[in-house]
Structures are given as C-alpha cells and as structure tokens.
Amino acid sequence: MGDKPLSVGRHGSNAIVIDDNNASRFHCVIERSPRGIIVRDLNSKNGTILNGQRITERSLRNGDTVSIGAVRIRMSNGATARTAPAVDDNDNLGPIDLDALAEVEAGMEELSAEDVVVEDLGDSDLVAEDDELASPAFIPEDDSPLPMEIGDDDIDLTHESRSSAVEVSVDVTDFSTVLSGLIDAMPEPHIPPGDIALINARGQVVHPAGKSKSSSQSDAVEALRGVLLICLRNRATDMHLEPKADMYIVRVRVDGMMVEVVRVSQQVGVRIAALVKVLSDIDIAQRNTIQEGHFSASAPTVDRGRIKQAHRIDYRVSFTPAVHGQKMVVRVLDATNAPSKLTDLQLPSWMEQTLATAITQESGMVLVVGPTGSGKTTSLYSLIRTIDAAQLNVMTIEDPVEIELENVTQIPVDEDQDRSFSALLRSLLRQDPDVIMVGEVRDPETARIAMQAAITGHLVFSTLHTKDSIGTMFRLLDLGVEPYLVAQALQVVLAQRLTRQLCPFCKVAVKPTQLQRDKMAATIGKVDHIFAPRGCPKCLKTGFTGRRAFFELLSMTDALRDVILTKPSLEEIKNKLVGSPFRTLEHNGHLLVAQGVASFDEIDKAAVR
C-alpha cells in the first residue's frame, strides 16, 4: 500500500474501480492510521459492510472481508487463508478449527498492495444508489480537508475530525484500566483474570489458564475473562453486551439489579461477541437472527477467604437482533453461588426443623411459592440436595434444566415435542420414582396429577406463583383441584422473597422515619436505628453485596385441613394460625432490618410483591 490511501468506488480515479451501480462513485477508502490499517466509509448510500456488519470506520485484520455492492475485498497477509467452519444442511456447525478463534482475535498485521484480493459476487440484493447523490470528487494524499456533498449540505471533514467522531465523541472507556480497577477493588483474595480457562461447547479448553502466549489475542480474551471474573466474584447471574450507535455497553445483573461495568469501542465489542460465538459453536456469519448456545469456564473457588481448586462454571448464551446489532446475554450458571443444602437457606430454626421433617416423609407435597425471581427453584434444589438421592429414585421435570444434580434424573420440558409438564409427569409416574420435583404447577392438569401422586406414595416438590403461603390454598382451589386433594396432599408451603444484603464495608446507621417506626412496631416492636446503603468499590458502588432470602412457612395441621374441606375464607384460615409459630413475610423481613442485614426500603419493596 505504501503511504497512500487505497480508494474504492465507481469513479475511474479510484485505486480499485468497481463497475457496480450498488457502489458509490467514491465508496470507501482503505488507509493507514495510528491504529493500523483501517477501512472508512465515505458516506456511501448502500454502506460499507465489514464481515457482515455495516460500519463507518473500523480497523482491518487478516481475513476480514469488506463487501461493497456485489464485490468482496478480502484482506490477507499472504499466508494461506483459513476457511470458516463448515455448515451442514441443517445449519449445524461442523468441527471448528481452533485456529479460527485466534484469527478472530489476531492483532493487525501489515498488508501490502498485492495482499488485497477482489472477488465478484455476482448479483446483489442491495438497492442501487441514486447517481444524483454526490460523493467526493477526489481522495487527497495529505491531510487536507475532504469536501463531501450530501444532498444540499457541504460538510468539511478532515482526517482528524473523522477520527474524533469515532474515538472522542463517544464515552468509550479504556476497558483494560476500568476492569483492572474493579477487580483490584474486590475483597481478598485476588484472582488474576488469566486464571480463568475458557472451554468451548465441545469441552475443549480453547484458552488455558495462565498468561496468553500471544499478545495478539489480548483484546477479546482479556475483556471476556475480566468480565467473567467480575461476575464470579460478585455473584452476578447475567452478563449483557449491548450494542449502541457507536459503542458497546457491558452490564451485569448483580443481586437482581443491572450494574454497568464498562463501555468499549465497537471494535472490541464485536470481537467479544465473535469470541463467545466461536466458543459456543454459533455461526459467526449470522448477525440478524436469534442464536443460542453455551460454553464453560474453569476458575478458582474462593471459600472463606481462601483460594481453592478450580471449578467449572457453565454459561448459556443468547443473541437477539437489536437496532444497532445483536445484543448478547450470557446467563451465569455457577452452582457454587447457590445454597447447596437446607441449612444454607438460613431459615429460622423452627422452619428448618419443620422442612427437614417434611422432606423425609414417604409421601406428601412441599410447595415453594412466590413471584418470578424470588429464588423458588434454588430452594427446591437445596431440598433435593439434602435428600439421600443415592438411595432414592429422584426425578425432576424442569423448564429448563439449569443446574445438574448428582444422582438425580432431570428431564427438560419441550412443548414442541409434546413434552409438557403434565405429559412428562404421567410418564414419570411409570418410572418408579420415590421423589418427584415438578418445576412449576402451571395448569389444572399438572396440579391434579401432582397432588394425586402426593397421596399415592410419592414425595412431590413443586413451585407455584402466589403472593404468600395462605394464598396458595386459594390458588389451588381456583385451578379446579378438589378440596380433599388439597387437604390431604399439602404438607408444607414455603413462601419466600429475595432481598439485597447491605454491604458490610460501607453500610451506615440511620434513624428510622416515623412511617418506618410505625410499620416495624406493628410487626416486631420498637426499633431505634436501622442501616442504609452507601456504596463503595467493594460492592461496585451499589451499597449491597449478595442476596438473602426471607420466608413464611405454613405447616398443615388437622385444624387447617378441616377448614379447607369447607371452602374457607381468608379470615377463617388466619384464625386457625393464631398461637402457632407462623409469622408473615413482612415480620421476618423486618427482623433482617433490625439485625442490620437488609435495608427497610428493600424489604418493604420485596414483601409487597
């Protein structure tokens, strides 16, 4: 190339002349810059397409393809070009060459003029450009202003101003510095991002733990490892990569709330998405479709301030087309962040003893209720882990199966294959189960079959969307379940909510307002002071760290069963609970506020859901 720009377009003065009405007279230019060799669109009507995505200005790398109308320009450093992963008739990816991943991440390599290959792709579906739309009449060899005619407006656009439009006008941060600062602020002990090994969907370790041997692989791998480490240490459940007009925003869901982590340039954002796609065996050529996949990572475990051996973390990936490109959401499935047994739920002692008795029975139903996102499935997993599954036939029906349980047969729901909850439950009853977990009671048929199983010698666990434990009985009756089934099958109903715990490093004591005093006095008595969030680097400046469940447990008694058979009112059921250890969600939540574990506002918001 030398030092001169390589102009592309229909006009005869271009270095590469394209005889295609879909190309502008001066369509784009390939030139050197302090960032390497870049391709810059010259405000063409049909756009300059780089690797399937319309761009304004972007650095070029070995193997990149620039599409202009029906012409494709492929960049090569002279080495034999690698091909993309094979796709069969069912759109399934064939074996992925792991070297292709390195090419996606590779640093910019020097290109020469003879390294540019132009290939005619034949007819194009692009709309032909209006010839009256004027383009630059020349490409200057120096940094003189470049006049551009767009409609009736003239724009004076210099090389410097073009660069500023990409690099300065957008609030794009130095992701390396930002991620390093967030990681350094985490509680001890520190884990280097390089200790995270990236594993593809086929179980192959693509990037082993330890410092990368090639500095050319630093961008995407460094960014992904850093964000995954932040997710790991802050118990994040999801990571979002959101495309905007001229940048990407990385956010994570920590303790149920979205927290912005870093903003990166389009180039880095696209490369992170490409890296995740390759790890997940997703076709990187498709950019306007819904795509799903999964990959894994291996990272050290931190237990009570000590680093232990590495454990595996699974990630479920979803790409969805948005206005400015595909949005990527990565669901973090880290079993170490979830309670492993009943004792980990931190229940009051009488609740724990009641549940421990219920889950050792040979029959009956244990229901966990609450709104979406209240941790019902996590609690069910804790109950199942407490059971001796090695000596029992434990089977589950889930939508979807998120965490694999040892010695448990887990069956995913698939409505497209006529594998609904009710259909699978009928089949499962012929599999000689001792314990059955139904992910959710959604319809009258599932409710009726599950409760019949509970009174015919099976221990059944399930969830239901109701506001509280007392409302569960009315919900089951509304589903058409006979009162005698509800009365006989139900053993325990556990209602729960999740609240964010105050960060122990920055929470501050405050005096409660009069309204707060009155509400807490009605449940737990007089409270002189409570704690409020402030925010510090250790909690990502949110004021909270981790989540805590609070509960309401309703244990069935003969008196309650008698009332249910008569189609009771709410007041009748409450009267039967007088004198029992039963306490409402609000009461137990206010206890956490008085203990300085949670803020009043968080409990007040969660308890009324």
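Here the sequence shown stands for residues 3 to 611, where the numbers follow my numbering.
We put the CB at the ideal spot given by N, CA and C, even for glycine.
Assign residue i to one of three DSSP states: helix, strand, or coil.
i, result
"G11", "strand"
"I413", "strand"
"R289", "coil"
"I57", "strand"
"V207", "strand"
"L504", "strand"
"M260", "strand"
"R563", "helix"
"A452", "helix"
"M330", "strand"
"L427", "helix"
"I438", "strand"
"V304", "strand"
"G548", "strand"
"P323", "strand"
"R387", "helix"
"A187", "coil"
"A608", "helix"
"Q490", "helix"
Buried or exposed: which applies to residue i, given that a residue is buried once 16 or more other Cβ atoms fall within 10 Å of its Cβ?
i, result
"S557", "buried"
"Q498", "buried"
"Y486", "exposed"
"I292", "exposed"
"G11", "buried"
"V280", "buried"
"R308", "exposed"
"H592", "buried"
"A360", "buried"
"E417", "exposed"
"I141", "At I141, the pLDDT of 33 sits below 50, so the modelled position is not reliable and the matter cannot be decided from this model."
"L349", "buried"
"L123", "With a pLDDT of 36 at L123, under the threshold of 50, the modelled position of that residue is not reliable, and the figure given next carries that caveat. Exposed, since its Cβ has fewer than 16 Cβ neighbours within 10 Å."
"D520", "exposed"
Just to confirm before moving on: does the CB-CB distance between residue i and residue j stay below 8 Å?
i, j, result
"H313", "A203", "no"
"G38", "S61", "yes"
"F177", "V264", "yes"
"L226", "L181", "no"
"G537", "L504", "no"
"A238", "V331", "no"
"I566", "M475", "yes"
"L243", "G271", "yes"
"G441", "I399", "yes"
"A455", "L492", "no"
"V494", "T356", "yes"
"A275", "Q328", "yes"
"S261", "V252", "A small fix is needed here, since residue 261 is Val in this sequence, not Ser. Contact: no."
"L461", "T448", "no"
Beta-carbon within less than 8 Å of residue i's beta-carbon, same chain only, minus the 5 sequence neighbours each way: which residues are those?
i, result
"G459", "E364 and S365"
"K310", "P302, T303 and V304"
"A596", "M522, I526, V529 and I532"
"V19", "G11, R12 and H13"
"H326", "P245, K246 and A247"
"S381", "P341, L347, V370, L496, Q498 and A551"
Among residues of its own chain, excluding the 5 on either side of residue i, which ones have a beta-carbon nearer than 7 Å to its beta-carbon?
i, result
"L579", "none"
"R563", "A489"
"L52", "V41, R60, D66 and V68"
"G372", "K378, A497, Q498 and R499"
"I389", "I361, V396 and V437"
"L587", "D470, A497, R499, F552, E554 and A609"
"N290", "P323"
In terms of DSSP beta bridges, what is residue i paired with?
i, result
"S571", "Its beta-bridge partners do not exist; DSSP assigns none."
"G366", "L461"
"C30", "V10 and D43"
"Y250", "P245 and V266"
"H2", "Nothing about residue 2 can be reported from this structure: the residues present for the chain run from 3 to 611 only."
"Q419", "Q419 is not bridged to any residue."
"G612", "Because the chain in this structure spans residues 3 to 611, residue 612 falls outside the shown range and cannot be described."
"T474", "T474 is not bridged to any residue."
"I532", "V512"
Leaving out the 5 sequence neighbours to the left and right, which residues in its chain are closer than 6 Å to residue i when beta-carbon positions are compared?
i, result
"I482", "Residue identity differs from the one stated: residue 482 is Gly in this sequence, not Ile. Excluding sequence neighbours, G482 sits near P446."
"E294", "S320"
"A391", "N409 and V410"
"I32", "L8 and V41"
"D257", "R502, F546 and R549"
"S300", "A199, A312 and R314"
"A337", "I405"
Is residue i close to chain B? Criterion is C-beta to C-beta, closer than 8 Å.
i, result
"N16", "In the structure shown, chain B cannot be found, because there is only a single protein chain."
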